[in-house]
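Notes follow once the structure below has been shown.
In this note's numbering, the protein residues as written are 3 to 374.
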C-alpha cells in the first residue's frame, strides 16, 4: 500500500522549488552575514532580501521581522520579552504559548484563562483592569477554528498588548500583521512547505521587547546569533508560493475536509465533528478533527499506522502525552468523544482519490478497533 499522509498540521514536505532556492545558499553563498568581506556581504544581501520579501507578504515592515528557529522560540521570545504582570489567554492555545504563560504564572504573574465555545472559538470578554497582555491565536492547531483576532484587538484597553500565534494560519489563510492589530505575531516555515528550523517573530514598531539570549548584535539584539541564511531564504520562498496560490489552496483544502467527513459518516458512523462545521467561513480548512465513539484514539492511531495512514491525536509537540486534549477539553467535549478524537490534516496537492483511499482505510481501522 502507498502511504497516505494526513498530518500536515504537524509538518509539511519541503517543496522542491524551495530547496532549489536554498541550495546555493548552502553550498556557494556560505559566508557569515555579519562578516565584512565579500562572502559575508553576499550572504547579508540574501538574508535582507528574504527579510523584505517575508515581511511584505505578512503585512509588516522589514525591521519588525526577527528570524527565529521556529514558532516555539518565537512564542517564548514574545511572551517572556513582553514581560506581562497580568495576562489573558485560553487553553486552546498551542503548548508553546500555554507553557510560557504557566511559567510566568508560577513566578507570580496573574493569568486569566478563558474557555472556548463548542466550535473551538475563544469565549472572549473584556479583560480585567490592568491586564497588559492578551494571547489569541489566529487558527487553532487541532480544529482549524479561526479566532476573532481583529475584533479582540479593537476591544483591548490602551496599553494592553496582543500576541498572536499565527502558525496554522500563515500560508493557509490571509494574514496581514498591521491589519490584525497585533503587537507580536509568529509563524513557522515548515507548516507551509518551507524548511524546518526557521520561523519568524513580528514585533510592532516601538514595542519594548526584551531579549532572553545574549552575545551578539544580530537582528537588533532581539535574537543574537549567526542568522541561518539558507533557511530564511527558504521560508521566504515557501511563503511566496503559498501566498500566490492561497485562494486555490484554501478551496482544495475545504473540498478535502468536506469529502473526508462525508465518507467517514457513510462508512463508520457514529462519528463526531469537533470544531467548526463543514463549509464554515471562519476555519482554516487544513484540519478535520473527528471522534469515533467506541474507540480509543491511541489504539486507533496504531492501527492506522499499520494501515499506512499518518495522522495524530493533536499537537505534535504533545503527541506523546496520554492526557486528553486541552483544546477539546476547553470546548466542553464529553469524555467518550474526547478519548476517541483524531486530527486529520491535508495538503492542497493531495487528490480526491487519496482522500477516498484514506477514508476507506480509516473506516476499516475504526470497525476493527470497535470490534476489539
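For each residue, glycine too, the CB sits at the ideal point set by N, CA and C. Quantities reported herein were computed from a predicted structural model and do not represent experimental measurements.
Item	Value
Beta-carbon contacts of residue 221 that lie in its chain and below 6 Å, excluding the five residues immediately before and after	68
Delimiting residues of the alpha helix (DSSP H) encompassing residue 235	231-246
Residue 373 burial status per 10 Å Cβ neighbour count (16 or more: buried)	exposed
Candidates 139, 80, 294, of which the one nearest residue 94 by Cα	139
Residue 323 versus residue 276 - alpha carbon distance	Residue placement at residue 323 is poorly supported in this model, since its pLDDT is 49, which falls under 50; the coordinates still yield a value, given next. Rounded to the nearest angstrom, the two C-alpha atoms are 20 Å apart.
Inter-residue Cα distance where the pair is residue 211 and residue 33	29 Å
Span separating the alpha-carbon of residue 18 from that of residue 233	14 Å
Reference residue 256, options 242, 281, 239, 235, closest by Cα	281
Residue 163 beta carbon less than 8 Å from that of residue 135	yes
For residue 166, the nearest candidate out of 145, 36, 198, 189 (CA to CA)	189
Burial state of residue 321 (16 or more Cβ within 10 Å)	For residue 321, the pLDDT reaches just 45, beneath the cut-off of 50, and the residue's location in the model is therefore unreliable, although a value from the coordinates is still provided. Result: exposed.
CA-to-CA distance, residue 72 to residue 240, given in whole angstroms	14 Å
Burial state of residue 354 (16 or more Cβ within 10 Å)	exposed
Where the beta strand (DSSP E) containing residue 291 begins and where it ends	289-293
Within the stretch 148-227, ranges of the beta strand (DSSP E) (whole runs, at least 3 residues)	163-167, 186-190, 201-205
Stretch-stretch touch, CB-based, cutoff 8 Å, three pairs: the stretch 45-59 with the stretch 257-272	no
Same chain only: Cβ atoms within 7 Å of residue 158, ignoring 5 sequence neighbours per side	136, 164
The stretch 104-117 contacting the stretch 240-250, beta-carbon criterion three pairs below 8 Å	no
Rounded distance between the beta-carbons of residue 193 and residue 70, thought under 8 Å	That pair is no contact at about 14 Å.
Where residue 322 falls: helix, strand or coil (DSSP)	Caution is warranted here: a pLDDT of 47 is assigned to residue 322, below 50, making its placement in the model unreliable, and no coordinate value can be reported.
Nonlocal neighbours in the same chain, by C-beta distance under 8 Å from residue 1, ignoring five residues either side	Residue 1 lies beyond the range of the chain shown here (3 to 374); nothing can be said about it.
Minimum C-alpha distance to residue 133 - residue among 11, 160, 144, 88	88
Between the CA atoms of residue 74 and residue 56 - distance to the nearest angstrom	19 Å
Integer Cβ distance of residue 368 from residue 313, believed to fall under 8 Å	In fact, because the Cβ distance is near 12 Å, the residues do not count as touching under 8 Å.
Backbone CA spacing between residue 279 and residue 154 [nearest angstrom]	22 Å
Extent of the continuous beta strand (DSSP E) to which residue 67 belongs	67-70
Same chain, Cβ closer than 7 Å to residue 10, neighbours up to 5 away in sequence not counted	288, 347, 348, 349
Rounded straight-line distance, which links the Cα of residue 92 to that of residue 344	21 Å
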